[in-house]
Structures are given as structure tokens and as C-alpha cells.
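Position one of the sequence shown corresponds to residue 1 (my numbering), numbered consecutively onward.
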Amino acid sequence: METRLIDTAISELASTSGIPVAFGGAAVDGVVAVTAIAGARTNALDGLSVSPRLGLGGQALIDARPHSTGDYGSSRRITHDYDRHILGEGIAALLAVPIVVAGRTRGMLYGGSRAPGTVGDRFAASALAVAARLARQFAEHDARTRATDHGIEPPPAAVPTASLEDVRVAYAELRSITGTISDEALRARLATVERRLAALGGVTVTGPAATRPSASTSPAVALSRREHDVLGLAAVGLTNADIANRLGLRESTVKSYLASAMTKLDASTRLQAVSEARRHGLIP
């Protein structure tokens, strides 16, 4: 089941995001075996299996959080056990996004670009969203299996994937609009709609931040409203320039808010910040 879902997700990511190379696979006994590849020009990625701590994916595997590098060949932050696979395919920038269920990595999604730099904010947002969707599907399958084994009624399915992504985009857009309105009565009405949208995404909004009953038990992270707004827009793939335009801010101010949020979330990149914000239940 997991391999089939990941194979479908890789095909989807490649066709909708424009990423040059997408690949991934399920984790079996702690090792990710790549079974799905899209956009490859060679067979260098065939047979790739990633072990914990080795390479970019091996680090993401044990950390249970995304990792990326803008220049894989020269990076000193990772081991180079898989150079013949990654460099053999001509990949320069690489992103690894783990599929995490109950704190355990169950699979990995990769996106690669043949030009140094980044794989792109929009692909990163798409990969995070797809990884979150797969994690929910895996968890739902686990719950149904447990229910069947114990002879009880399976839990209802979650919000359909397409609808959930629409909810996230609408939530981020509504927050950016609410921040420009001075009429307190209208702001209160919009805040009610915002809470309803957040609830559809599994988040209960109580103020500038949000909490999710099933979120991590780690200490709460308190984001300011603007930090929350900026992260919400970053989560749906907007660039810093896009976010600045939406919120009526300078691009340098957006970068400052992102940096502050990253510090609070103990994240070294905006990608990790979005991932951690979702894990803490701060954004849908």
C-alpha cells in the first residue's frame, strides 16, 4: 500500500510542480528503497537504497524533518555515500522530505534540480503538502487495520486531499486579507471564518497561534500574527516577494519575520519552519 501511494505521489509531483527529477520510496526496516523515479535521464538512481545518517535523505530519515542542499557535490554537511546515484543523474540541488507518522519516518520524497541553487519554493511547498497527505493516508490505513483486527468500526476518512489543499490556500489568503482590515467588527467575522477553515485542516485557532490536540507534546511555540501570516503563505509556495506583495510589507521585513519564526521553531530553512509549524499544529 505505501509503495503504491508513494509511486503515485512521485508521478503527481513531477507532473504538477515542474521539478526536473522526482523520486522516492517507502522505508522498510529503517531503510528507504527508491521505487519511483520521474524525470531521470539515466539509470543512475535505479537500485538506490538510503540508510539512516547517510547522505541527505539519511539525515532526513533520522531527523524526521526535511533537509535540502543547493550544491550536493560540494556540501560538507552530508556524507557522500550516494554520489554515484545523485551526481550520476546530474543532480545539483536536492530536497528530501520525509513522510512521518507518529514520529517515525515511513518513506521519503525527493526533488532534484540539475542547476545549483534550490529546487524552488513552489515544489518544496508541494512536496511538504504531499508528504503530509501521505502521512495521513498511512495513519488512516493503520487505524483501519487496527480497527479490523479488533472487530470495531473503522474511523471516518479525513478531508479529501484536493479539498485540504484548497483549505490551506484559502486559509493563508484569508489571513493576509484580515491583516489589512481596520474594521474590528469585520475582522471578528473574518476570524470566525478563519477558525472554521483551520478546523477543516485539523487546527484549532485560538489567537495568533493555533493548537492541534494531537500535536507534539513539546512546549508550545508562540508566533506573532505576522510570523504566522508569513509562514502560512510560505506553506502554499509563495516567494518572499509574493508574500511581501500580499501583506503590504517590504521583502526585507518578510525575511525578518521568517527568520524570527525559524528561530522559534528551531528550523534552519523556511522549508523546515513550515514543516515544524504543521507538526506543532500552528498552520493547516
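Idealized CB from N, CA, C, for every residue including glycine.
Local Cβ density within 10 Å of residue i, reported as buried at 16 or more and exposed below that
| i | result |
| --- | --- |
| P116 | exposed |
| R114 | exposed |
| T206 | Low local confidence applies: a pLDDT of 46 at T206 is under 50, so the model's placement there is unreliable, and no value is given. |
| M1 | exposed |
| E184 | exposed |
| D83 | exposed |
| S126 | buried |
| L109 | buried |
| L332 | In the structure as shown, the chain starts at 1 and stops at 284, and residue 332 therefore has no counterpart that could be examined. |
| D71 | exposed |
| G237 | buried |
| R298 | No answer is possible for residue 298: the residues shown for the chain start at 1 and end at 284. |
| V69 | The sequence as given places Thr at residue 69; Val does not occur at that position. Its Cβ being crowded by 16 or more others within 10 Å, T69 is buried. |
| A135 | buried |
| A9 | buried |
| G248 | exposed |
| D142 | exposed |
| D306 | The structure shown does not extend to residue 306, since the chain spans only 1 to 284, so no value can be given for it. |
Simplified DSSP state of residue i, which is helix, strand or coil
| i | result |
| --- | --- |
| S224 | coil |
| A115 | coil |
| A267 | coil |
| H67 | strand |
| V28 | strand |
| V50 | strand |
| A22 | strand |
| A147 | helix |
| A44 | coil |
| A33 | strand |
| L56 | helix |
| I62 | helix |
| L134 | helix |
| H141 | helix |
| A162 | At A162, the pLDDT of 48 sits below 50, so the modelled position is not reliable and the matter cannot be decided from this model. |
| D229 | helix |
| A236 | According to the sequence displayed, residue 236 carries Val and not Ala. V236 falls in the coil class under three-state DSSP. |
| S214 | With a pLDDT of 38 at S214, under the threshold of 50, the modelled position of this residue cannot be trusted, and the question is left open. |
| L282 | coil |
| R189 | helix |
Where the beta strand (DSSP E) containing residue i begins and where it ends
| i | result |
| --- | --- |
| A241 | From DSSP, A241 is part of no beta strand (DSSP E) but of the alpha helix (DSSP H) over N240 to L247. |
| I37 | A36 to A38 |
Test item: CB-CB of residue i and residue j under 7 Å
| i | j | result |
| --- | --- | --- |
| F123 | G111 | yes |
| A235 | V193 | no |
| F23 | V34 | yes |
| A96 | L128 | no |
| A93 | V130 | no |
| A38 | A14 | yes |
| L87 | G103 | no |
| A26 | T105 | no |
| A241 | E251 | yes |
| P52 | L271 | no |
| E276 | L258 | no |
| T16 | L54 | no |
| L231 | A267 | no |
| P20 | A64 | no |
| E89 | L45 | yes |
| D81 | T239 | no |
Residue interval of the alpha helix (DSSP H) (run including residue i)
| i | result |
| --- | --- |
| L13 | E2 to S17 |
Any C-beta of chain C under 7 Å from that of residue i
| i | result |
| --- | --- |
| A273 | Annotation note: the requested chain C is absent from the structure, which comprises a single protein chain. |
Counting only runs of 3+ residues fully inside the stretch 70-126, write out the beta strand (DSSP E) ranges in chain order.
93-101 and 104-113
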